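Participant: Quick one: this structure, given as structure tokens, is what I'll be asking you about.
In our numbering, the protein residues as written are 94 to 830.
This is the structure in structure tokens:
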């Protein structure tokens, strides 16, 4: 049974090699997810097996994908290879990935795309190919077999050409993203092959290419998002011979550049797209003063657009922007208008009166002040408005703000948060229809009857309020977070309240007679003042948390004790010892394949493999030695390899050194000697002391090793070359005995 001790010594050497592999690429976890990203890998590591479902190899230095790299990964569903240096892929590299759903090859060095790569990916739904160096998609379609494709990301700064047939085979896409900043050639009809695209994003600088693409996607794209476009004056129509009904509903310009002339022209051209309902401009630049061709715009009739959103529009000379006189006929059907973070300081009264159908306005983060707001919301302006957002402006007077919005007869929702009012009057005029009011972060020190009694929702968070005593009979939601309240509001003045937020206040009391319990369920509806609960009932979550924390602490202590005293290794050794006990007895001499099985530390491999092996295996007659690095059977479990090798060896040769007693693995192995797995009376063991081992280097608890070294003869490697000949003779004699 002492052989098991030997097994673990050799196992340590092999496991050190496995540890190196684990450090290079950690193994799969319990959910079969392998994260090998940012490991500095130059190639796809071997051994990727069929159980893996997600493999992340992003941000490495992989240059080539070989046929055999992913051959066994038959259950792979996600393969992330972005941000490598991949320039070539063997044609059948992905042939085993029939279940793959997401493939990311973005930001690599692929100079062309081969249809053969993707022809076996029948389950693929998401394909990322952007950020490579290909200039086109080839003469045909690389995606003809991808019938389940849902999202496709293409293009790069060198991408210049799209040909007819490039998208053949694709019927439906939820998202199509094309980086075409330098796209200069687009063959008409190329995108018509796709029957439906929910959201298409394209980076584009050429207005001519933009017009050609729009004509092709009128019937297939629902939402078109165009980025980095420099809009020039386009004489040709966008629709030309195309006839409605069209599919496109929303058009977004992002990071685009406009002039007064191009704005005038695009307004006219977009009227041709009768299905268009929403127009959006984000982070765009307008070089102009609003001097649009209003006559041509009016002459071409009204637009079908109902929603306009302009966010972060940069107008260099915004203070010179004109009043857009002549645009009145174009706005009376608009229902939703957002102009945010765009330095708006007023809307001319005459223009405001023609927004007859507008229901929603968002003017947040602009430059509105009270006197300009008074002009913006003049008499008879915004007659249908229900929701108004004026947050993050420069309003200073709450009374003047209330007087202005009082002219809106149908206003229901008002957000005037993040304006610095500083004070609140006793009386204010508000629309009688107002139900929602947001006054958060407005620096008001108290609440007065200025607050309208018609409210159903009131937000006064993040102010300096010390009390709340308003009578609001219809109020359902009240937000009082981040104030200085010391007591909860009384329940009688707000009888219909459903929800109240009082986080981050200084509460220390509330009216017990006015509040009723919601939980526990058995006490729901009872007055708080009449209920008396135990500590456990009041602080159940705290008690449970303390118990859980105590259990976790006990577990951590047990883990720490187990780690310090190597409990896990004792248990594993006991199991190995029990298995070894059931093994058949040592083989008879005629079945020995080796003269000795050599057990040594990995750090001593140079001496063992280059000096001892040469001396013994080239002797006359030669000795047959078994080394784990050379003679173990590939693919066989390492423990079985060790046991079989020991049983087929006449002797077992131990090479002892300080590396042995200093390593963690050797400490575990020495612990196992307490199970009597090393038989000190068995002469099958030969001990070779490669270097002197100081007694203080051997841990005190390893008395078994000290006893073995004190009672069993061992050979000591002499540093003097003249004495080494005698050492080899003695060792050969011991092996022959």
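Glycine included, every Cβ here is placed at the ideal spot set by N, Cα and C. Being a predicted model, the structure only gives us computed values, none of them experimental.
Just tell me which of 503, 153 and 491 has its CA closest to the CA of residue 532.
Facilitator: Checking every option, the nearest Cα to that of residue 532 belongs to 491.
Participant: Comparing alpha-carbon positions, which option in 452, 416 and 447 lies nearest residue 438?
Facilitator: That would be 416, whose Cα lies nearest to the Cα of residue 438.
Participant: Whole beta strand (DSSP E) runs in the stretch 352 to 436 with 3 or more residues, listed along the chain?
Facilitator: Within the stretch 352 to 436, the complete beta strand (DSSP E) runs of at least 3 residues are 371 to 375, 378 to 380, 400 to 404 and 429 to 433.
Participant: Between which residues of its own chain and residue 823 is the CB-CB distance below 8 Å, once the five residues before and five after are set aside?
Facilitator: The answer, listed in chain order, is 808.
Participant: For residue 824, which three-state DSSP category applies?
Facilitator: In this structure, residue 824 counts as helix in the three-state DSSP scheme.
Participant: Is the beta carbon of residue 243 sitting closer than 8 Å to the one on residue 261?
Facilitator: Going by C-beta atoms, residue 243 is not nearer than 8 Å to residue 261.
Participant: Taking three-plus beta-carbon pairs below 8 Å as touching, is the stretch 548 to 556 in contact with the stretch 514 to 521?
Facilitator: These segments do not touch.
Participant: If I follow the unbroken alpha helix (DSSP H) through residue 301, where does it start and stop?
Facilitator: Where residue 301 is concerned, the enclosing alpha helix (DSSP H) stretches over 300 to 310.
Participant: Measure how close the beta-carbons of residue 499 and residue 524 come, nearest whole angstrom, since I'm counting them as under 8 Å.
Facilitator: Yes, they are in contact, since the Cβ atoms of residue 499 and residue 524 sit about 6 Å apart, within 8 Å.
Participant: Report back the beta-carbon spacing between residue 248 and residue 223 to the nearest angstrom; my notes put them in contact at under 8 Å.
Facilitator: 5 Å between Cβ atoms; contact.
Participant: As an exercise, report each continuous beta strand (DSSP E) stretch of at least 3 residues that is fully enclosed by the stretch 482 to 512, in chain order.
Facilitator: Whole beta strand (DSSP E) segments, 3+ residues: 506 to 508.
Participant: Beta carbon of residue 833, beta carbon of residue 351: below 8 Å?
Facilitator: With the chain covering 94 to 830 only, the question about residue 833 has no answer from this structure.
Participant: Between the C-alpha atoms of residue 707 and residue 701, what's the straight-line distance to the nearest angstrom?
Facilitator: C-alpha separation (whole angstroms): 9 Å.
Participant: Taking the alpha carbon of residue 340 as the reference point, which residue from 321, 357, 355 and 307 has its own alpha carbon closest?
Facilitator: Ranking the options by Cα distance to residue 340, first place goes to 307.
Participant: If you reduce the DSSP assignment to three classes, tell me which class residue 655 lands in.
Facilitator: Of the three classes helix, strand and coil, the one that applies to residue 655 here is helix, per DSSP.
Participant: Do residue 827 and residue 786 come within 8 Å of each other at the CB atom, strictly closer than that value?
Facilitator: Not a contact, by the Cβ cut-off of 8 Å.
Participant: Alpha carbon to alpha carbon, how far is residue 163 from residue 141?
Facilitator: The alpha-carbon atoms of residue 163 and residue 141 are separated by roughly 7 Å.
Participant: Using alpha carbons as the reference points, say which of 152, 212, 482 and 220 lies closest to residue 171.
Facilitator: The residue with the shortest Cα to Cα distance from residue 171 is 220.
Participant: Which class does residue 615 belong to by DSSP, given the choice of helix, strand or coil?
Facilitator: Note: residue 615 maps to helix in three-state DSSP.
Participant: So what does DSSP say about residue 698, is it helix, strand or coil?
Facilitator: Reduced to three states, the DSSP call for residue 698 is helix.
Participant: The alpha helix (DSSP H) spanning residue 629 covers which residue range?
Facilitator: Looking at the DSSP string, the run of the alpha helix (DSSP H) that includes residue 629 is 628 to 631.
Participant: Could you give the C-beta distance for residue 269 and residue 293, rounded to a whole number, given that I count them as a contact under 8 Å?
Facilitator: Yes, they are in contact, since the Cβ atoms of residue 269 and residue 293 sit about 5 Å apart, within 8 Å.
Participant: Output needed for residue 251: all residues of its chain with C-beta closer than 8 Å, excluding positions within five of it in sequence on either side, in chain order.
Facilitator: Excluding positions up to five away in sequence, the list reads 226, 227, 228 and 275.
Participant: Apply the 10 Å Cβ neighbour rule to residue 631 and answer buried if 16 or more other Cβ atoms are within range, or exposed otherwise.
Facilitator: Per the 10 Å Cβ criterion, exposed.
Participant: Report the partner residues of residue 319 according to the DSSP bridge assignment.
Facilitator: Partner(s): 295 and 346.
Participant: From 642, 432 and 464, pick the residue whose C-alpha is nearest to that of residue 442; which is it?
Facilitator: Answer by Cα proximity: 464.
Participant: Reducing DSSP to helix, strand and coil, say where residue 211 ends up.
Facilitator: Three-state result, residue 211: helix.
Participant: With H, G and I counted as helix, E and B as strand and the rest as coil, what does DSSP make of residue 468?
Facilitator: Three-state DSSP puts residue 468 in a helix.
Participant: Quick one: grab the DSSP three-state call for residue 219.
Facilitator: DSSP places residue 219 in strand when its eight states are reduced to three.
Participant: Is the CB-CB distance between residue 361 and residue 385 below 8 Å?
Facilitator: No, the pair does not count as a contact, with Cβ atoms beyond the cut-off.
Participant: Rounded to whole angstroms, what is the Cα-Cα separation between residue 266 and residue 291?
Facilitator: Approximately 7 Å, taken between the alpha carbons.
Participant: Quickly, what does DSSP pair residue 594 with across the bridge? List them, please.
Facilitator: Residue 594 pairs with 572.
Participant: Using the C-alpha atoms, what's the distance from residue 813 back to residue 746?
Facilitator: Each residue's alpha carbon lies about 22 Å from the other.
Participant: Does DSSP put residue 185 in a helix, a strand or coil?
Facilitator: Coil, per DSSP.
Participant: Whose C-beta lies closer than 6 Å to the C-beta of residue 457 among residues of the same chain, with five residues either side of it excluded?
Facilitator: Result list for residue 457: 433, 482, 484 and 485, in chain order.
Participant: What residues match up with residue 542 in a beta bridge as DSSP calls it?
Facilitator: Note: residue 542 sits in no beta bridge, so no partner.
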